[in-house]
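**Student:** Below you will find the structure I want to go over with you.
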């Protein structure tokens, strides 16, 4: 059993209106040191696979097919073994 | 200058309909090994502060006041120094 911690971020060249809004909010609250904000998604997926390579392959395919939009987003993930 | 990588997740006891929807989608695509999915947010904030302790304090306050809802969400972050 593995826990995949998946990070999905917008590609650097893609506009991020949500990030800009957060940045504006932080400035309004007085956090003037904030230079830039990029927003993304964080997804934890628990998979019942005992082989690490197989789990990695499956999670990679999940990201490609559903969790990230490869046109505008990048993804990366870490696998953590869960002792059951 | 520091880059804060912030992870905001729902507290374990809080319902996560988005996670359930993703889980359903993954099952529909044939990923039967998926046991559970939890969704969250990933935010990168660049702060122009040279002192690490001060940056940590500021980012902590940002999370508390704007980025996370402390009633239903937990957050954690990592600081990475950026050489400019």
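Chains as they are written, first to last, in my numbering: chain L, 137 to 220; chain P, 137 to 220.
Beta carbons: idealized from backbone N, C-alpha and C, even for Gly.
All values reported here derive from a predicted model rather than from experimental measurement.
Whether or not the stretch 149-166 of chain P and the stretch 195-202 of chain P are in contact is what I'm after, with contact meaning three or more pairs of Cβ atoms, one per stretch, closer than 8 angstroms; do they touch?
**Tutor:** no
**Student:** Determine, using beta carbons only, whether residue 175 of chain L comes closer than 7 angstroms to chain P.
**Tutor:** Look at residue 175 of chain L: its C-beta is under 7 angstroms from a C-beta on chain P.
**Student:** Starting from residue 191 of chain L, trace the alpha helix (DSSP H) both ways and give me its first and last residue.
**Tutor:** Start and end: 188-198.
**Student:** If we ignore side chains and look at the alpha-carbon of each, how far apart do residue 219 of chain P and residue 137 of chain P end up?
**Tutor:** Their Cα atoms are separated by approximately 7 angstroms.
**Student:** Where DSSP assigns a beta bridge to residue 179 of chain P, which residues make up the other side?
**Tutor:** L:175 and P:142
**Student:** May I ask you to list, following chain order, the residues of the stretch 179-190 of chain L that have a beta carbon less than 8 angstroms from some beta carbon of chain P?
**Tutor:** 179, 180, 181, 182, 183, 184 and 185
**Student:** Taking 7 angstroms as the limit between beta carbons, can you name the residues of its chain near residue 212 of chain L, skipping five residues before and five after?
**Tutor:** 143
**Student:** Does residue 154 of chain L have its Cβ less than 7 angstroms from a Cβ in chain P?
**Tutor:** no
**Student:** Determine which residues share a DSSP beta bridge with residue 170 of chain L and list them.
**Tutor:** In the DSSP output, where bridge partners are listed per residue, residue 170 of chain L has P:183.
**Student:** Give me the Cα-Cα distance between residue 208 of chain L and residue 145 of chain L, rounded to the nearest whole angstrom.
**Tutor:** Straight-line Cα distance between these residues: approximately 9 angstroms.
**Student:** Please tell me whether residue 178 of chain L and residue 177 of chain P are closer than 7 angstroms, where the distance is taken between their beta carbons.
**Tutor:** yes
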